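Chains as they are written, first to last, in my numbering: chain L, 16 to 172; chain X, 60 to 823.
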């Protein structure tokens, strides 16, 4: 056991866990943030995507010790975020989610994309989201939602 | 959602949980708060495909720190059997293991890690037996899980003997893992009197209840099963969750503590069943134009170690092996082959896609022989509307609209022009080849086991006018809860937000059927409507008495109730009805009329109605690598008068993507010892964002109500669009054909992975 501190959703937190515990379980079991989902446990499906210092990262294969003193953001911490809000509104408007289980991860990847690339092309979207699996097959709507969110406010610029 | 105009039946609404899905607030089973001291689990499974258990030693595991229970079959309190149709399908292996991954011992410990560590201390001695792993071997040895079943119409022998042309062939079709993003999970809470509360990610709470009760030797009333939503089901949570729930409940019963059993991805893929693989052979006679004059089909399904739902799935495969084609003289045989692999199970389409796959292959092979466009041969064989409309199971098709769908889609997809252009493109390109296909579909709707076609609902109206809705259907992302709420909102003419959607629980509606066979909204929508109408009649009677008007003058509209010249808000009327002691709670019930099937004669009307559709797919194939890209897909799909067009469109898009995955990149590989080697997304590839068509045009067929009395004349939508993935397969085949100038025979098995495509190209 060791005490590991990091910034979670803009607030400093400290947890007493084994340093090799995957961050996903620290978030879900210790800190009770259930918006980040477990699915494949191998960093291959994207359901557990969070941001570490703004970069989309798979939390299920990330030892908590590796985020010591870094900034971790989960879906819960994005609620006031401008890019996320645009995306979220498009997501609902376009009725993107079916079962919904992968969507927190999809939104984390999408938000990171718009932050680093505010005007992505269709190809950019496909590439940025290619690591987020959706078994319901909502990809077309996800893509449309991201592209439309990225165009929001264009007429005012 | 305050405006009724945008929330009733047929309105363009979003999924009821969409707002929660995007904030992470939607609660799945794993997200429920855990009770203090909740135990976690590990399942010890068989490393052998076929072996006798000689001994099980759990001593060291039991004394491992943090371990609270280590159980095997001998600890089961009731019956060790979760067979949904046939008996003797054990949860925990007794004397025999029959697949790699079969649960043998279950462990509960303070953490999952401890349970896993303890699992290494369990010693099971086996005497290894010879397994049968291959469906062909099982077929040859007549190693079946149940009796074969056949459909017959006319005289196929004679027709084949007299045919102008005749050909035979065979093809393999692979299975498919469900890969629901939320894996199998269950939380069992022990209660007083040995009762058990079970939170299960299941499409079939009533069956989980039944199996857990039987496993613990309890009456069903002692077990409550609840599910608010699943993170995907696709059929994988129809029978499989009962196994998981039985294990969790037994551990909870023994330890008197709450127990969570959540399978990891690898365990989930290894332990639980998948879509059935098939091996097909055919013998077909046809005219010089390509019309089928006689056919014999043999469908051998790889069932795995027990029957599970395999017989019903094989029945549906037989029923669907006509697709939209009239087979006058046909014999269709189904063989449920037993292999020492995990028992295969329900998966979106339930054998239907496999059945339709073989007839589409046959048509394609005929077209190739005759050097004709397969689309022309398909049309030539379409069922008629007034004649040529009797199926091989002797149901007369009364609602055929495939000709209209074909006409419309030919125009909207610009089919013929693109077909010609692709021929031209392929002439001028050596390594890249394009392919196009036009594949129609017909999907029979109903459970083919008649008694399953029933549903119940429970509706309360509280004194403030708010409505509580419950029914037997489960929500796995298909939007069922939203649709049924739309039905209730429409009946009362109130805003959708006035109808509270609640978790499915065996406490509210008993003895329900699985949410399966695409029947969710057909059955539960009708049951909820029935309940709502009972309440409405009571309110109408009350309003008529209160205002001294005729009952016929009482109407509901826009959150108001009108009685003659009087008007009152729905909420106020309900409030007054409460004080007047009117009962404001009602159950609803529905059973599908007209359907029956006599298995002894293979005749009947297993389907209430059919839904139709067609897809034109176009692909670009790199013949040097076998890599393939779907460049365009156009789908026209029939949902009757849609209950919820936005939700239906999502089902059509998603069904296509999943169907495409089945026949292209999703490949399950077992080794020669019967071990599944593809049990994670690293080796099992489902479609991702890059795989969807570059151009994806999806449309709902307009102005076609269901001809039968369904809920608001709508049609089922869950499974049928899955069939459209077949168009991708045929487009790939078309591209491969161009490699041989459309003159050579193509031998392509499914799935068409790049390796399989290269093999097919090389063999030309």
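Note that beta-carbon positions come from the ideal geometry of N, C-alpha and C, so glycine has one too.
Keep in mind the model is a prediction, meaning the values are calculated, not measured.
Euclidean distance between Cα positions of residue 78 of chain X and residue 629 of chain X: One C-alpha to the other measures close to 27 angstroms.
Identify the residues that DSSP records as bridge partners of residue 655 of chain X: which are they? Answer is X/664, bridged to residue 655 of chain X.
On the three-state DSSP scale, how would you describe residue 478 of chain X? Residue 478 of chain X falls in the helix class under three-state DSSP.
Using alpha carbons as the reference points, say which of X/580, X/304 and X/436 lies closest to residue 352 of chain X. The shortest C-alpha to C-alpha distance from residue 352 of chain X to any of X/580, X/304 and X/436 is the one to X/436.
What do you reckon, is the C-beta of residue 234 of chain X under 7 angstroms from a heavy atom of the ligand FMN? For the structure depicted, the ligand FMN is absent and the ligand set is empty, with no information on it obtainable.
Comparing C-alpha positions only, which one of X/126, X/552, X/108 and X/183 sits nearest to residue 116 of chain X? For residue 116 of chain X, the nearest C-alpha among the options comes from X/183.
Stretch-stretch touch, CB-based, cutoff 8 angstroms, three pairs: the stretch 552-567 of chain X with the stretch 580-600 of chain X: No: fewer than three Cβ pairs fall under 8 angstroms.
Taking 8 angstroms as the CB-CB limit, is residue 96 of chain X close to chain L? Not closer than 8 angstroms to any Cβ of chain L, the Cβ of residue 96 of chain X fails to qualify, so no.
List the whole-angstrom C-beta distance separating residue 81 of chain X from residue 107 of chain L, where the pair is believed to meet the contact cut-off of C-beta under 8 angstroms. Correct: roughly 6 angstroms between the Cβ atoms.
Return no unless some Cβ of chain L is closer than 8 angstroms to the Cβ of residue 717 of chain X. Judged by the 8 angstroms Cβ criterion, residue 717 of chain X is in contact with chain L.
Where does residue 71 of chain X sit, in a helix, a strand or coil, going by DSSP? It is coil, neither helix nor strand.
DSSP state of residue 385 of chain X, grouped into three classes? Under the three-state reduction of DSSP output, residue 385 of chain X falls in the coil class, being neither helix nor strand.
Within the same chain, show all residues whose beta-carbon is closer than 6 angstroms to that of residue 481 of chain X, passing over the 5 residues directly before and after it, in chain order. So the list reads 493 and 495, once near-sequence residues are dropped.
Is there a C-beta anywhere in chain X that falls below 8 angstroms from the one on residue 171 of chain L? In this prediction, residue 171 of chain L scores a pLDDT of 48, lower than 50, which makes its location untrustworthy; no coordinate-derived value is stated.
Please report the distance separating the alpha-carbon of residue 300 of chain X from that of residue 139 of chain X. Each residue's Cα considered, the two are about 15 angstroms apart.
Residue 362 of chain X in three-state terms, based on DSSP: Residue 362 of chain X falls in the strand class under three-state DSSP.
I believe residue 736 of chain X touches residue 742 of chain X by the beta-carbon criterion, under 8 angstroms. Please report the beta-carbon distance rounded to the nearest angstrom. The Cβ separation is near 7 angstroms, so the contact holds.
What span of residues does the beta strand (DSSP E) with residue 460 of chain X cover, start to end? Following the DSSP letters along the chain, one finds residue 460 of chain X in no beta strand (DSSP E), marked with neither H nor E.
Which of the three DSSP states is assigned to residue 273 of chain X in this structure? Taken through DSSP and simplified to helix, strand or coil, residue 273 of chain X comes out as helix.
So residue 429 of chain X and residue 349 of chain X are in contact, right, with Cβ under 8 angstroms, and what is the actual spacing, rounded? Their Cβ separation, rounded to whole angstroms, is 5 angstroms, which keeps residue 429 of chain X and residue 349 of chain X in contact under 8 angstroms.
Against chain X, with Cβ distances strictly below 8 angstroms, would residue 162 of chain L count as a contact? Chain X places no beta carbon closer than 8 angstroms to that of residue 162 of chain L, leaving this residue out of the contacts.
C-beta neighbour in chain L for residue 745 of chain X, strict 8 angstroms: True, the Cβ-Cβ gap to chain L drops below 8 angstroms.
With burial defined as no fewer than 16 other Cβ atoms inside 10 Å of the residue's Cβ, what is the status of residue 434 of chain X: buried or exposed? Buried, since its Cβ has 16 or more Cβ neighbours within 10 Å.
Using alpha carbons as the reference points, say which of X/699, X/672 and X/687 lies closest to residue 712 of chain X. Looking at the Cα atoms, X/672 is the closest of the given residues.
Is any beta-carbon of chain X found at less than 8 angstroms from that of residue 166 of chain L? Any Cβ of chain X closer than 8 angstroms to the Cβ of residue 166 of chain L would place that residue at the interface, and such an atom is absent.
Going by the beta-carbon positions, is the gap between residue 516 of chain X and residue 587 of chain X smaller than 8 angstroms? Against a cut-off of 8 angstroms, the Cβ pair of residue 587 of chain X and residue 516 of chain X comes out as a contact.
For residue 16 of chain L, does the three-state DSSP call read helix, strand or coil? It is coil, neither helix nor strand.
Where the stretch 130-153 of chain L meets chain X: residues whose CB sits under 8 angstroms from a CB there: Under the 8 angstroms Cβ criterion, the stretch 130-153 of chain L contributes 140, 141, 142, 144, 145, 146, 147, 148, 149, 150, 151, 152 and 153.
Looking only at its chain, what residues have a beta carbon closer than 6 angstroms to the beta carbon of residue 327 of chain X, apart from the 5 residues adjacent to it on each side? Within its own chain, the residues whose Cβ lies closer than 6 angstroms to the Cβ of residue 327 of chain X, once the five positions on either side in sequence are excluded, are 242 and 243, listed in chain order.
Enumerate in chain order the residues of its own chain whose CB-to-CB distance from residue 555 of chain X is below 7 angstroms, with the five nearest sequence positions on each side excluded. Within the same chain, residue 555 of chain X has close Cβ partners 60, 66, 72, 544, 545 and 548.
Could you work out which residue in L/64, L/91 and L/80 is closest to residue 48 of chain L when comparing CA atoms only? It is L/91.
As an exercise, report each continuous alpha helix (DSSP H) stretch of at least 4 residues that is fully enclosed by the stretch 59-86 of chain L, in chain order. Runs found: none.
Within 8 angstroms of any Cβ in chain X, is that where the Cβ of residue 62 of chain L sits? Judged by the 8 angstroms Cβ criterion, residue 62 of chain L is in contact with chain X.
Would you please verify whether the beta carbon of residue 513 of chain X is less than 8 angstroms from any beta carbon of chain L? The Cβ of residue 513 of chain X sits no closer than 8 angstroms to any Cβ of chain L.
Where residue 887 of chain X meets chain L, residues with beta-carbon distance less than 7 angstroms: Examination of residue 887 of chain X is not possible in this model, given that chain X is present from 60 through 823 alone.
What does residue 37 of chain L pair with, by DSSP beta-bridge criteria? BP columns for residue 37 of chain L point to L/78.
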